[in-house]
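Numbering (the numbering used here), first residue to last: 3 to 489. For every residue, glycine included, the Cβ atom is placed at its ideal position computed from N, Cα and C. Take a look at the structure set out below.
Next comes the structure, spelled out in structure tokens:
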């Protein structure tokens, strides 16, 4: 086998990141590697170094495949990062500029007219790299072609991103959390697609926080810890090591009584949510009809279903983000929608986080401010918090073992760490109803267990209700005993 790339005594020049030990690593052509480690261990930073986003303080990175390509094109100056592409959560922003958009916009039919169609993005944008029918079929995205981009779920956006990057025909693809946001069928399709990519000569690398996120075709694993290479092993050794390792089940002690009560105490209710014959739709496009769902005060539910089944839209009716809810037979906290209540009165009783919210949360403020924004249900912190509110926001970060992030800009931390911060934001006001839409995707095993225990602690309080959405049933908290599945 020939070398594809190698790092020799490489020390990255990354502001705020401490790589104290030089990196020595060789990747053979055709060899499938994963870079594994806990959240914040340096996986993404290493990938960004390889793709040319950071330089070196010392040492060398050699792109051996580039030397071969240069021989075929001696008159061109080739750059490795033109042939190596990183597929990450933040890569979604390469599809379209989300900065002028806002989360609720995807549910307002009068406000997404300027959003492009998926077909135009994939095939009709004048690109010299059109997406082929083979790629469309492999990712099973033909049904998305006539949809507006802004209407896609996070899992559907992920498929679209992969299709766009595959069309460039790169020499190497680095997938950060390759299965994030994807249902079981899509994960199986992607596993098969990885094998085909490898057979076609595309070099593959995966960044994963835990063994369950490891694609089947992975051969070797580089384990990162605190921005250094901790060990190198085979994929089978990595899986076996983690099967034997038992994560410590920490006892969570939270004095939820310390959370400040709302200034206006809401009226007690019997039913938190009641839907009768509700239609799930995007404008004129009907996704599902005849949804009947009642959540009584204190009940804990899991909401399940494949990508594109309407889960996020259903939640948007509950969280008062979707104006179509006014035309539905929908009751929230025993009050029929459209009878004079404001959306802020509804949001004040709900804690919420989702992949879509993560995508649109582009406020580069300190993480403590992001958590504190949960008191006001705002994207960004535009009101002054009380000292007790700031103290609770800081305690929530400490509880999730990420207090060290409190002063760091939200957009400068890893996507897994951002998930943790947004999870803390959803809990900070100790809401009556907690809605968690895929909250633990991208978290390492220890952080998942910690967050699941925090959810269970929250649910031990009287009259607290939960809606938990996931594509991985093994992540569902033990307190959940009701299931709603959209087929």
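Supposed close pair residue i, residue j - CB separation, criterion 8 Å
| i | j | result |
| --- | --- | --- |
| residue 314 | residue 356 | 7 Å |
| residue 353 | residue 437 | 7 Å |
| residue 430 | residue 400 | Contact doesn't hold; Cβ gap of about 12 Å is too wide. |
| residue 16 | residue 220 | Wrong, their Cβ atoms sit about 26 Å apart, outside the cutoff. |
| residue 549 | residue 336 | A question about residue 549 goes unanswered here, because the residues of the chain that appear run from 3 up to 489. |
| residue 176 | residue 207 | 5 Å |
| residue 407 | residue 419 | 6 Å |
| residue 41 | residue 449 | 6 Å |
| residue 309 | residue 155 | 6 Å |
Residue i: first and last residue of the uninterrupted alpha helix (DSSP H) it sits in
| i | result |
| --- | --- |
| residue 199 | 186–201 |
| residue 57 | Here residue 57 belongs to no alpha helix (DSSP H); instead the beta strand (DSSP E) covers 57–65. |
| residue 169 | 156–169 |
| residue 450 | 447–461 |
| residue 420 | 417–429 |
| residue 222 | Taken as a continuous stretch (DSSP letters only), residue 222 belongs to no alpha helix (DSSP H), being part of the beta strand (DSSP E) at 222–226. |
| residue 45 | 45–52 |
| residue 10 | Where residue 10 is concerned, there is no enclosing alpha helix (DSSP H), although the beta strand (DSSP E) it sits in stretches over 5–15. |
| residue 140 | 135–141 |
| residue 274 | From DSSP, residue 274 is part of no alpha helix (DSSP H) but of the beta strand (DSSP E) over 273–284. |
| residue 471 | Element bounds for residue 471: not the alpha helix (DSSP H) but the beta strand (DSSP E), 467–471. |
| residue 122 | 120–124 |
Whole-angstrom distance between residue j and residue i, CA atom to CA atom
| i | j | result |
| --- | --- | --- |
| residue 464 | residue 483 | 16 Å |
| residue 44 | residue 19 | 8 Å |
| residue 143 | residue 269 | 45 Å |
| residue 132 | residue 169 | 6 Å |
| residue 338 | residue 217 | 46 Å |
| residue 481 | residue 456 | 11 Å |
| residue 389 | residue 373 | 14 Å |
| residue 7 | residue 467 | 51 Å |
| residue 413 | residue 368 | 9 Å |
| residue 77 | residue 69 | 13 Å |
| residue 489 | residue 72 | 51 Å |
| residue 330 | residue 239 | 53 Å |
| residue 165 | residue 351 | 40 Å |
| residue 197 | residue 290 | 34 Å |
| residue 391 | residue 378 | 11 Å |
| residue 32 | residue 4 | 9 Å |
| residue 346 | residue 46 | 37 Å |
| residue 460 | residue 226 | 32 Å |
| residue 366 | residue 92 | 14 Å |
| residue 224 | residue 26 | 11 Å |
| residue 326 | residue 453 | 33 Å |
| residue 425 | residue 39 | 20 Å |
| residue 214 | residue 305 | 21 Å |
| residue 319 | residue 333 | 10 Å |
| residue 298 | residue 470 | 15 Å |
| residue 427 | residue 67 | 45 Å |
| residue 10 | residue 234 | 16 Å |
| residue 302 | residue 174 | 44 Å |
| residue 475 | residue 458 | 16 Å |
| residue 94 | residue 447 | 25 Å |
| residue 442 | residue 29 | 30 Å |
| residue 139 | residue 88 | 22 Å |
First and last residue of the uninterrupted beta strand (DSSP E) at residue i
| i | result |
| --- | --- |
| residue 483 | Per DSSP, residue 483 belongs to no beta strand (DSSP E) and is neither H nor E. |
| residue 30 | 25–30 |
| residue 2 | The displayed coordinates of the chain run from 3 to 489. Any statement about residue 2 would go beyond what the structure contains. |
| residue 88 | 86–89 |
| residue 178 | 174–178 |
| residue 495 | What is shown of the chain runs 3 to 489, which leaves residue 495 out entirely. |
| residue 306 | 302–306 |
| residue 439 | 435–439 |
| residue 235 | 231–236 |
| residue 37 | 35–38 |
Cβ of residue i within 8 Å of any chain C Cβ
| i | result |
| --- | --- |
| residue 214 | The structure shown contains no chain C; it holds only a single protein chain. |
Where in the segment 319–391 do unbroken runs of the alpha helix (DSSP H), each at least 4 residues long, occur, reported from the N-terminal end onward? 345–349, 357–362, 369–374
Is the segment 229–238 close to the segment 20–31, with three or more CB pairs under 8 Å? With a cut-off of 8 Å, the segment 20–31 and the segment 229–238 count as touching, because enough Cβ pairs lie within range.
Taking one C-beta from the segment 51–61 and one from the segment 139–159 each time, how about it: are there three or more such pairs within less than 8 Å? no
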